[in-house]
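*Asks:* Below is a structure I'd like to ask you about.
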Amino acid sequence: MYSISREFTFCYGHRLLNYEGKCKFPHGHNARVRISISLDKLNENGMVRDFSELKSTIGQWIDNHLDHRMILIKNDPLVEILYGMGAPVFLMDEPPTAENLAKLIFDLVQKQKIPVKKVKFWETEKCFATYSFD
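Next comes the structure, spelled out in structure tokens:
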């Protein structure tokens with residue numbers, strides 16, 4: 007099995023409703039995401055996938071939808087306020103935890119018909135979540 011990984015970084019804000027820790031308040035993170043893909047055979051160019059293709063598809067989507075946005079669950083009361091201010095918001099059906107953001111990106115990569123095996127999402131330098139297909 008051949009595997010490659012590509013990392014992306016972006017800044018975002020979020021908060022967790024109905025949570026009793028510090029994350030119940032709006033705050034920001036410098037995220038790092040590692041996308042790992044695998045194939046049994048290399049393509050005609052001797053690659054699993056061209057790294058630049060990942061940058062132009064997945065990296066562009068991250069830049070356009072997650073970077074410098076408030077990522078909130080759809081029923082967060084802040085949504086209406088932020089929209090009223092013209093602030094960039096990305097809405098999720100699930101709480102915007104590191105675990106759910108890892109799965110969100112995994113699903114996005116999979117929809118691009120890229121053979122993703124794992125997405126690792128660092129919320130901070132020392133804290134990360136992983137979503138994988140095993």
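One point on numbering: in the numbering used here, the residue at position 50 of the sequence shown is 56, and numbering is uninterrupted. All residues carry an ideal CB built from backbone N, CA and C; glycine is no exception. Remember, it's a predicted structure, so these values are computed and weren't measured experimentally.
1. Could you please give me the residues that DSSP links to residue 67 through a beta bridge?
2. Comparing alpha-carbon positions, which option in 81, 54, 87 lies nearest residue 7?
3. Can you tell which of 105, 117, 71 has the C-alpha that lies nearest to the C-alpha of residue 126?
4. Measuring straight from C-alpha to C-alpha, what distance separates residue 117 and residue 57?
5. Looking only at its own chain, which residues have a Cβ that is under 6 Å from the Cβ of residue 94, when we skip the five neighbours before and after it?
6. Please work out which residues of its chain come closer than 8 Å, Cβ to Cβ, to residue 32, disregarding the five sequence neighbours upstream and downstream, and give them in chain order.
7. Run through the DSSP bridge pairs and tell me what residue 98 is partnered with.
8. To which residues does DSSP link residue 6 through a beta bridge?
9. If distances are taken between C-alpha atoms only, which option among 12, 138, 24 comes closest to residue 41?
10. Under the assumption that residue 73 contacts residue 17 (Cβ atoms under 8 Å), give the Cβ distance between them as a whole number of angstroms.
11. What's the C-alpha gap between residue 130 and residue 15?
*Replies:* Here's the rundown:
1. As a first step, residue 67 is located in the sequence shown; it is residue number 61 there, counting from the start. For residue 67, DSSP records no beta bridge to any residue.
2. In the sequence shown, the residue the question calls residue 7 occupies position 1. Residue nearest to residue 7 within the set 81, 54, 87 is 54 (criterion: CA-CA distance).
3. Taking the first residue of the sequence shown as 1, we reach residue 126 at position 120. Nearest to residue 126 by alpha-carbon distance, out of 105, 117, 71, is 105.
4. Against the sequence shown, residue 117 aligns to sequence position 111. Against the sequence shown, residue 57 aligns to sequence position 51. Approximately 17 Å, taken between the alpha carbons.
5. In the sequence shown, the residue the question calls residue 94 occupies position 88. Cβ neighbours of residue 94 within its own chain (closer than 6 Å, five residues either side excluded): 75.
6. As a position in the sequence shown, residue 32 is number 26, starting the count at 1. Spatial neighbours of residue 32 in its own chain (CB-CB distance under 8 Å, excluding positions within 5 residues in sequence) are listed in chain order as 19, 20, 21, 76, 84.
7. For this step, residue 98 is matched to residue 92 along the sequence shown. Residue 98 pairs with 79.
8. The chain is shown only over 7 to 140; residue 6 falls outside these bounds and no answer can be derived.
9. The residue you call residue 41 lines up with position 35 of the sequence shown. Out of 12, 138, 24, 12 has the C-alpha closest to the C-alpha of residue 41.
10. Reading the sequence shown from its first residue, position 67 is the one you call residue 73. Reading the sequence shown from its first residue, position 11 is the one you call residue 17. That belief holds up - the Cβ atoms of residue 73 and residue 17 are roughly 6 Å apart, short of 8 Å.
11. Position 124 of the sequence shown, counted from the first residue, corresponds to residue 130. Position 9 of the sequence shown, counted from the first residue, corresponds to residue 15. The alpha-carbon atoms of residue 130 and residue 15 are separated by roughly 11 Å.
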